[in-house]
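Below is one structure; the comments refer to it alone.
Numbering (UniProt numbering), first residue to last: 1 to 317.
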C-alpha cells in the first residue's frame, strides 16, 4: 500500500486511515469538512466563520465542537445568537485563563520554530498504552499535526491562550448536549465541570472511553448521540434533500473538493455575497469517515481539525 506521495502508507496518513476505518453512510445527512483559516483572535474567528457561512448561503447552524472547537462554538453562539440553533459540546471549556497561565511564552509564538510548536502540541496528547482505536486516533492526529505550517500551528495555539471567557448564551440549555469521555482528555476535569455547571439543564451524553478524539476513536457512539441530539431539537433526516452542494449553494457532485472559498467582507443576513479572500479547503461528501463527526439537517456539516485541538462545526441552510 502506498501513501499520497508514493511511499509506504503509515499510521497518520489519510490513505492508511481510509484503509483501516470503514466508511459509514448516514441517510439524510450531509458531511463537509473545512480547514479553519489563520486567525489570531476570537473576533477574527467569528468574522471569518460568518463570512464562510455567507459564502455558502447558510443562514443557521447546529454546531458540534470538541476541546478548542467547543470553546469557539460557544463564542460564535454568544456573538451571533440568531445563527446558532443548537450546540453539542465535547471535552471543552468556558475560559482560557488556565491555558494562558500554562504558556507564559505565548507572546513569542509567532517567532517560535515549527518543530518546537509541534513538540509543545504533542506533549498534550497522553502517551500509551491505548485501546487500539484510541491509538489509531492518536496516530492520525499526530500525522495531521505534522502537515501543519508554522502559521497554522501559531494560530491554533494563540486561539487557545488568548485570555477570554464565554459569556451568557441566549440558547436554552434544552438545545445543548454535553458529550464527554470518562477516561481522560487534555482538558482538565475542573474545566469540564464548569461547562456542566453552566449548562445544568443540558442533556448529557457520556462515553466510557474515547480519549481526546472520540469523534475518531468512538465514531459509532458519537454519530448516534449526534443523531439523537438533532432529532431532539426538531431536526429529522431528509434523504430527498441530500444533494451535492457547491460553493454558491447549488446542487453539485457529492464528492467535490474545493479550494479558495471566497468570504464576504461585509456579511449580510440575507446571504448576499461580495468578494473576499479568506478561503480554505472545503471537502463535500454525502457521508464521511468517522472523523466526519457531525450531522446536519438538510445539508451541511463543517469539521475542522485545529492541530491537536479538534473543532467540528455543523451547519444547515
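Even glycine gets a Cβ: it sits at the ideal position worked out from N, Cα and C.
Element boundaries [alpha helix (DSSP H), containing residue i]
| i | result |
| --- | --- |
| residue 139 | 132-147 |
| residue 39 | Where residue 39 is concerned, there is no enclosing alpha helix (DSSP H), given that its DSSP letter is neither H nor E. |
| residue 156 | 150-161 |
| residue 120 | 114-122 |
Beta-carbon gap between residue i and residue j smaller than 8 Å
| i | j | result |
| --- | --- | --- |
| residue 114 | residue 175 | no |
| residue 83 | residue 53 | yes |
| residue 145 | residue 94 | no |
| residue 67 | residue 187 | yes |
| residue 169 | residue 77 | yes |
| residue 72 | residue 117 | no |
| residue 222 | residue 214 | yes |
| residue 28 | residue 238 | yes |
| residue 201 | residue 220 | no |
| residue 106 | residue 180 | no |
| residue 65 | residue 92 | yes |
| residue 130 | residue 210 | no |
| residue 142 | residue 226 | no |
| residue 136 | residue 20 | yes |
| residue 81 | residue 171 | yes |
Span separating the alpha-carbon of residue i from that of residue j
| i | j | result |
| --- | --- | --- |
| residue 38 | residue 160 | 13 Å |
| residue 260 | residue 62 | Reliability of the predicted coordinates at residue 260 is poor, the pLDDT of 29 falling under 50, and the value obtained from them is presented with this limitation in mind. Using only the alpha carbons, I get a separation of about 24 Å. |
| residue 162 | residue 96 | 7 Å |
| residue 100 | residue 151 | 19 Å |
| residue 126 | residue 185 | 8 Å |
| residue 50 | residue 189 | 31 Å |
| residue 119 | residue 157 | 12 Å |
| residue 224 | residue 235 | 14 Å |
| residue 69 | residue 155 | 13 Å |
| residue 55 | residue 228 | 29 Å |
| residue 98 | residue 112 | 21 Å |
| residue 108 | residue 102 | 14 Å |
Chain-order list of residues whose beta-carbon lies under 6 Å from that of residue i (same chain, five-residue window excluded)
| i | result |
| --- | --- |
| residue 133 | 217 |
| residue 208 | 182 |
| residue 75 | 42 |
| residue 204 | 178 |
| residue 164 | 42, 96 |
| residue 194 | 94 |
Element boundaries [beta strand (DSSP E), containing residue i]
| i | result |
| --- | --- |
| residue 58 | Premise fails: residue 58 is in no beta strand (DSSP E) and is neither H nor E. |
| residue 180 | 176-181 |
| residue 195 | Run containing residue 195: none in the beta strand (DSSP E); it sits in the alpha helix (DSSP H), 189-198. |
| residue 89 | 84-90 |
| residue 102 | It is not in any beta strand (DSSP E) - residue 102 carries neither H nor E in the DSSP assignment. |
| residue 224 | Here residue 224 belongs to no beta strand (DSSP E); instead the alpha helix (DSSP H) covers 219-232. |
| residue 72 | Here residue 72 belongs to no beta strand (DSSP E); instead the alpha helix (DSSP H) covers 68-79. |
| residue 207 | 203-207 |
Residues of its chain near residue i, where Cβ-Cβ distance is below 8 Å and the 5 sequence neighbours each way are ignored
| i | result |
| --- | --- |
| residue 45 | 36, 39, 72, 75, 76, 159 |
Any non-hydrogen atom of the ligand ADP within 7 Å of residue i CB
| i | result |
| --- | --- |
| residue 210 | Within the structure as shown, the ligand ADP is missing, as the structure has no ligands at all. |
Any chain B beta carbon closer than 8 Å to residue i
| i | result |
| --- | --- |
| residue 207 | The chain labelled as chain B is not found in the depicted structure, where only one protein chain is given. |
Beta-carbon contacts of residue i that lie in its chain and below 7 Å, excluding the five residues immediately before and after
| i | result |
| --- | --- |
| residue 128 | 135 |
| residue 198 | 94 |
| residue 79 | 46 |
| residue 196 | 178 |
| residue 22 | none |
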